[in-house]
Amino acid sequence: MREMILNGLQQAYSNLEHMLAEFLPRLLVMLIIIFVGWLVAYLLKFVVRAVLRVTKLDRVSEEAGASRILRKADLPSVSELVSRALFWLIWLGFIVVGISVLGIVSLQQQIERLILLLPQILVAFVILFVGLLAANFFSRAALLAGVNTGLPSPRLLSEAIRIMIGFLAFSMALEQIGLAKQTVLMAFSIVFGALMLGLAIAFGLAGRDLARKVLEKQFVHEEKPHEDELSPL
Amino acid sequence: MAAGMTQESFLTDDFLRQLISVGEVDLLVGITSNEGSNSANRAAQAAEEAVLRNFPRDRAVLINLDGGSKDPGLSEGEELGLIRKGEGRSIESLRTFRRISARSRNVFTVGTSLRTILAAADLSCARACVIIPASAENVVPSWIESLLRPVYREGYDFVAPLYSRHKFDGLLTRNILFPLSRTLFGRAVRELVPTEFAFSGRLAARCLAEGSWNEEALQETGEMWIAIAALLGDYRCCQTFLGPKVRVSAGSSVVSAIRQTVNGMFWSLDSTAPIWLNPPQLSQVHTIGPDQQISGEYVRVDRKKLLAIYRSGIEELSQILGSILSPDTYAELSKLSSTEETTFHLSNPLWVRVVYEFAASYHHSVLNRDHLVQALVPIYRGRVASFLIRHRASNFDEIHADIEDLNQEFERQKNWFFDLWNMKGQGES
């Protein structure tokens, strides 16, 4: 009995020793890969940031209104954001390769699932970012056009456009990562439908006179006086 | 010629063939049209009469650029209702007078038309060129002669037109384009966006070679860029009085006029900054005929609407204007928006500050540039309202004194503008 216990312990110790002998070099290799990955990622981040600054990407993003969105979200400039994203992408790649060296099957499976999801998340972020940029651009264009043509509530129109495009981008981003596809689709349909119906009812009932004027303006072509008779040039 | 040879690839084979058959010429008349050939008839007849009557011993070519043509297959000469032999023409050219055309189903932009004419001038070695839009309502042979003669006979490189105008017409020119160009370029012509103008072959070759013709600003206001190139370069410029210009009702085109011309002006400032940042001495551009003639017949203007748009713009665009203007300037504009119509006055110093801050913000790209220029529209309307209120009963001398004061104000704030222009620019680099 005693001998069996001792043998068992000896076996366990030898297994542990064997496992450690097998695991420790792998762990070391993993750490080396992760460290090299960090170095490579850091170097590339530095180079990419410098290149982006030379190409004046920040100026372009400022002009497009992207920088303002980033500032609102308490995020750094576009060049900083791109270089940081690249850093994390490269380093994460090295970390994944390093972990795969350990040979732990269940961990490897989880990582594979994460890797499969990563591009989707990235694409979703890009969709959301571009969507917010477009929302910002078009709402500003609508605001300027509304003010310059003397529309009664230009800011309302501008905000409606911003919300609609933003909501569209948000639902597209959620659909990209496959999150509650049906729910998102339904929510979008309901909200969009309700908005249009609400606008139609509001326009038709509350603004009957305005609706008549707009329709007359659109379809009844009669001689209308010019805004003024001055030639600016 | 060399510049033209490198540019010839954008000319169609048919047009190039016609140009080669014409050979070298002394005078070139370009008629630009985007409404089919009928609208070009009047201008073409005036051009032919002007050339045959005043330059009968010189070789001339008349080029009709017909954009939006319904029948681009018409052969040479068929398209223009020119004075034909035996149809009441009492004079004929002693040398050659040729007519050629370039047509396209697509509408020609200003830039495309100008570039085609510049290339044609360069390839045909024309000494003097004049451009007439087919839409010009009251073009007469004497206009063409008045524009061509200074270039052809007196050695000028650029001739701008001068018209007799209504006292409230051309306010965009008088409030932004003219004072800016006068202050920054050292000399200025009153019509910086001329519809009819003349230029020398030398200037044509330079503009053809150096113009960034694919730029949107040049596509829309190429004529202004040619004028600025002449004013800033070593070119002899003058302006010649043509007479009354038929008034064209602006309607709602103020926005598009500002989007095109102010964008073109700011873009030109951006691309020529190294030259005007070392400002030359102010010098006068020679004027042939009276400098200005202003008429004062009644026109209907809705001042209340102008003020309403100004007030709405200042309130609704607060965020956009806040990123373009300094806090002080915005605060003054904001304070002004609560003023009654009778006392509303957007003063010259404030207006100059607005224009300079917009120009600097355009240079620093604080916003999408088209949006930035559009944000100027409500303030411009406020300025127009202020001008109309102030000069409702003013005569020519009073208006002239006010415009001169505005020009002086642009001059006074020039150094501050240079600092504004360079300040952020240095920070960026």
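So the protein lines, in turn, are chains D and U.
Using my numbering, the first residue of the first sequence is number 2, and each one after it goes up by one.
Using my numbering, the first residue of the second sequence is number 88, and each one after it goes up by one.
We put the beta carbon where it would ideally sit given N, CA and C, even for glycine.
Predicted model only: the values in this text are computed from it and were never measured.
According to DSSP, simplified to helix, strand and coil, what is residue i?
| i | result |
| --- | --- |
| Phe171 (chain D) | helix |
| Arg190 (chain U) | strand |
| Asn128 (chain U) | helix |
| Tyr243 (chain U) | coil |
| Ser405 (chain U) | helix |
| Arg144 (chain U) | coil |
| Ile122 (chain D) | helix |
| Phe445 (chain U) | helix |
| Phe286 (chain U) | strand |
| Phe195 (chain U) | coil |
| Asp210 (chain D) | helix |
| Tyr322 (chain U) | coil |
| Thr426 (chain U) | coil |
| Ala207 (chain U) | helix |
| Gly168 (chain U) | Note that Gly168 (chain U) scores 44 on pLDDT, short of 50, meaning its location in the model is unreliable; the coordinates nonetheless yield the value given after this. It is coil, neither helix nor strand. |
| Val185 (chain D) | helix |
| Cys294 (chain U) | helix |
| His432 (chain U) | coil |
| Asn151 (chain U) | strand |
| Ser413 (chain U) | coil |
| Ile178 (chain D) | coil |
| Glu114 (chain U) | According to the sequence as given, residue 114 (chain U) is Leu; it is not Glu. Strand, per DSSP. |
Quick one: residues in its chain with C-beta nearer than 7 Å to the C-beta of residue i, no 5 flanking neighbours on either side, listed in chain order?
| i | result |
| --- | --- |
| Glu174 (chain U) | Its pLDDT being 46, under 50, Glu174 (chain U) is placed unreliably in this model, and the coordinates cannot settle the point. |
| Thr203 (chain U) | Leu98, Leu152, Ala189 |
| Arg346 (chain U) | Asp457, Val460, Gln461 |
Hey, residue i and residue j: beta-carbon distance below 8 Å or not?
| i | j | result |
| --- | --- | --- |
| Ala215 (chain U) | Tyr250 (chain U) | no |
| Ala221 (chain U) | Ile118 (chain U) | yes |
| Tyr274 (chain U) | Gln371 (chain U) | Looking at the sequence itself, residue 274 (chain U) is Arg, so the reference to Tyr does not match. A contact, by the Cβ cut-off of 8 Å. |
| Leu129 (chain D) | Phe95 (chain D) | no |
| Leu98 (chain U) | Leu205 (chain U) | no |
| Ser159 (chain D) | Ala136 (chain D) | no |
| Ile396 (chain U) | Pro465 (chain U) | yes |
| Ile231 (chain U) | Val217 (chain U) | yes |
| Ile401 (chain U) | Ala462 (chain U) | no |
| Glu307 (chain U) | Thr196 (chain U) | yes |
| Thr260 (chain U) | Leu234 (chain D) | yes |
| Ser68 (chain D) | Gly257 (chain U) | no |
| Glu410 (chain U) | Leu475 (chain U) | Correcting the residue identity first, residue 410 (chain U) is Ser in this sequence and not Glu. No, Cβ-Cβ distance for Ser410 (chain U) and Leu475 (chain U) is not below 8 Å. |
| Leu71 (chain D) | Leu53 (chain D) | no |
| Arg390 (chain U) | Ala472 (chain U) | yes |
| Gly351 (chain U) | Ala304 (chain U) | yes |
| Ala125 (chain D) | Gln177 (chain D) | yes |
| Ser452 (chain U) | Arg141 (chain D) | no |
| Ile490 (chain U) | Val349 (chain U) | no |
| Cys324 (chain U) | Thr374 (chain U) | no |
| Lys57 (chain D) | Arg85 (chain D) | no |
Please work out which residues of its chain come closer than 6 Å, Cβ to Cβ, to residue i, disregarding the five sequence neighbours upstream and downstream, and give them in chain order.
| i | result |
| --- | --- |
| Leu149 (chain U) | Val116, Ala134, Arg186 |
| Pro436 (chain U) | Glu496 |
| Ala188 (chain D) | none |
| Leu412 (chain U) | Glu444 |
| Asn141 (chain U) | Glu232 |
| Cys212 (chain U) | Glu111 |
| Ser339 (chain U) | Legend: pLDDT at Ser339 (chain U) = 47, less than 50; position of this residue unreliable, value from coordinates given subsequently. Within the same chain, Ser339 (chain U) has no close Cβ partners at all. |
| Glu498 (chain U) | Thr270 |
| Thr183 (chain U) | Arg146 |
Go through its chain and collect everything with a Cβ distance to residue i's Cβ below 8 Å, but skip five positions before and after it.
| i | result |
| --- | --- |
| Trp508 (chain U) | Ala360, Leu364, Ala446, Ala447, His450 |
| Ser162 (chain U) | For Ser162 (chain U), the pLDDT reaches just 46, beneath the cut-off of 50, and the residue's location in the model is therefore unreliable, although a value from the coordinates is still provided. Cβ within range, chain order: n/a, list empty. |
| Lys214 (chain D) | none |
Can you pull the chain C neighbours of residue i, defined as C-beta to C-beta under 8 Å?
| i | result |
| --- | --- |
| Pro26 (chain D) | Absent from the structure: chain C. Protein chains present are D and U. |
What do you get for residue i, buried or exposed, if any count of 16 or more other CB atoms within 10 angstroms of its CB means buried?
| i | result |
| --- | --- |
| Val30 (chain D) | exposed |
| Tyr467 (chain U) | buried |
| Thr327 (chain U) | buried |
| Asn16 (chain D) | exposed |
| Asn494 (chain U) | buried |
| Ala174 (chain D) | buried |
| Val441 (chain U) | buried |
| Asp209 (chain U) | buried |
| Pro155 (chain D) | buried |
| Gly91 (chain U) | Annotation note: pLDDT 46 at Gly91 (chain U) (below 50); position unreliable, no value reported. |
| Glu113 (chain D) | exposed |
| Arg387 (chain U) | exposed |
| Gly288 (chain U) | buried |
With a cut-off of 8 Å, do at least 3 Cβ pairs link the stretch 281-289 of chain U to the stretch 366-378 of chain U? no
Indicate whether the contact test is met: 3 or more Cβ pairs, each with one atom in the stretch 100-112 of chain D and one in the stretch 147-167 of chain D, closer than 8 Å. In short, these stretches do not touch, since the Cβ pair count stays below three.
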